[in-house]
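Take a look at the structure set out below.
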Amino acid sequence: MGSTLQVLSKTIKYIVPKFLIMKLKRENLNMAGEYATASEICRRNFYAQITLGRLKRTDILVYNPNTGKELRIEVKAKQGKEWPGIKGINDNLTLLVFVDFQNKRDTERPDFYILNAKDWQEFLKSFVTNNSKFQELIDGYIPRWKDGYSGTSVRLHQISQNKERWNKLEKLLT
C-alpha cells in the first residue's frame with residue numbers, strides 16, 4: 010500500500026492544474042533565480058553576496074570564510090522551454106547556474122543545474138560547434154552565429170547531467 014501511495018503522489022505532482030503553477034513576471038525572473046541560488050549557497054554554509062547591478066557577468070560573489078577562497082556565479086533563470094541568449098563562462102573560478110522554474114508551484118523549489126568552464130566547453134562541442142549555422146567562438150567560449158548573433162539557447166536535456174551538482178561549488182571553495 011505504501012509504495013502505491015508513493016507512485017500515486019509522484020504522478021499527481023505532474024498533473025497539477027495550470028492555475029496552481031507559479032508564473033513570474035519577466036522582470037522578476039532573473040532576480041528570483043539569483044536569490045534562490047544565493048539561498049542554496051548559504052544553506053551549504055558559504056557566504057553569498059548578490060551583486061545587484063550591472064557588474065558584468067557576475068551575479069553572486071561567493072566566499073568561504075574557513076578557507077578564504079572565493080568564486081563568482083553567473084545565474085540564468087527560465088520558466089519556459091529554454092534559457093535564451095547564453096554566452097557561457099571560461100574562468101575556472103566561475104560557475105554558471107541555470108535555475109528552472111518551469112511548472113513549479115509557489116511552494117516548490119526550482120531545479121538547479123551547475124556548470125563549470127569544462128562543462129560549458131563540453132556543451133559547446135556537443136550542441137553548438139557542429140551546427141551548420143555556427144560561425145566561431147569569441148574568446149574561446151561565446152558562440153557567434155553566421156547571422157551575427159552572439160550567444161546560444163540552452164535546453165534542459167542538454168545540461169540535465171548537471172542537475173543539483175553543488176559538489177562543484179564545494180570543491181572550488183574547500
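For the sequence shown, this note's numbering assigns the number 10 to the initial residue and increments by one for each residue that follows.
Heads up, the beta-carbon is just placed ideally off N, CA and C, and yes, glycines get one too.
Which listed residue (the options) has its alpha carbon closest to that of residue i
| i | options | result |
| --- | --- | --- |
| Leu104 | Asn112, Lys87, Ala126, Arg118 | Ala126 |
| Asn171 | Val106, Lys134, Arg153 | Val106 |
| Leu181 | Tyr56, Gly42, Gly157, Leu102 | Leu102 |
| Ile30 | Glu117, Val84, Tyr56, Glu49 | Glu117 |
| Trp175 | Glu49, Thr76, Lys34, Trp154 | Glu49 |
| Pro119 | Gly149, Gly42, Lys65 | Gly42 |
| Thr183 | Lys32, Ile69, Gly77, Ala57 | Gly77 |
| Lys96 | Glu179, Thr138, Tyr150, His166 | Tyr150 |
Integer-rounded CB distance, given that residue j should sit under 8 Å from residue i
| i | j | result |
| --- | --- | --- |
| Ile59 | Ala45 | Contact doesn't hold; Cβ gap of about 11 Å is too wide. |
| Gly94 | Gly160 | 4 Å |
| Arg53 | Thr67 | Actually they are not in contact, since the Cβ atoms of Arg53 and Thr67 sit about 19 Å apart, beyond 8 Å. |
Residues that DSSP places opposite residue i in a beta bridge
| i | result |
| --- | --- |
| Phe143 | Trp154 |
8 Å Cβ shell around residue i - same chain, five flanking residues per side excluded
| i | result |
| --- | --- |
| Ser169 | Tyr122 |
| Leu38 | Ala86, Lys87, Gln88, Phe110 |
| Glu36 | none |
| Ile147 | Arg153, Ser159 |
Residue range of the alpha helix (DSSP H) that includes residue i
| i | result |
| --- | --- |
| Gly42 | 35-52 |
| Lys177 | 176-182 |
| Leu8 | Residue 8 cannot be examined here, being either before or after the span of the chain that is shown, 10 to 183. |
Continuous beta strand (DSSP E) stretch holding residue i: start and end
| i | result |
| --- | --- |
| Phe121 | 120-124 |
| Gln58 | 56-59 |
Contact set for residue i: own chain, Cβ-Cβ below 7 Å, skip 5 residues either direction
| i | result |
| --- | --- |
| Asp128 | Asn171 |
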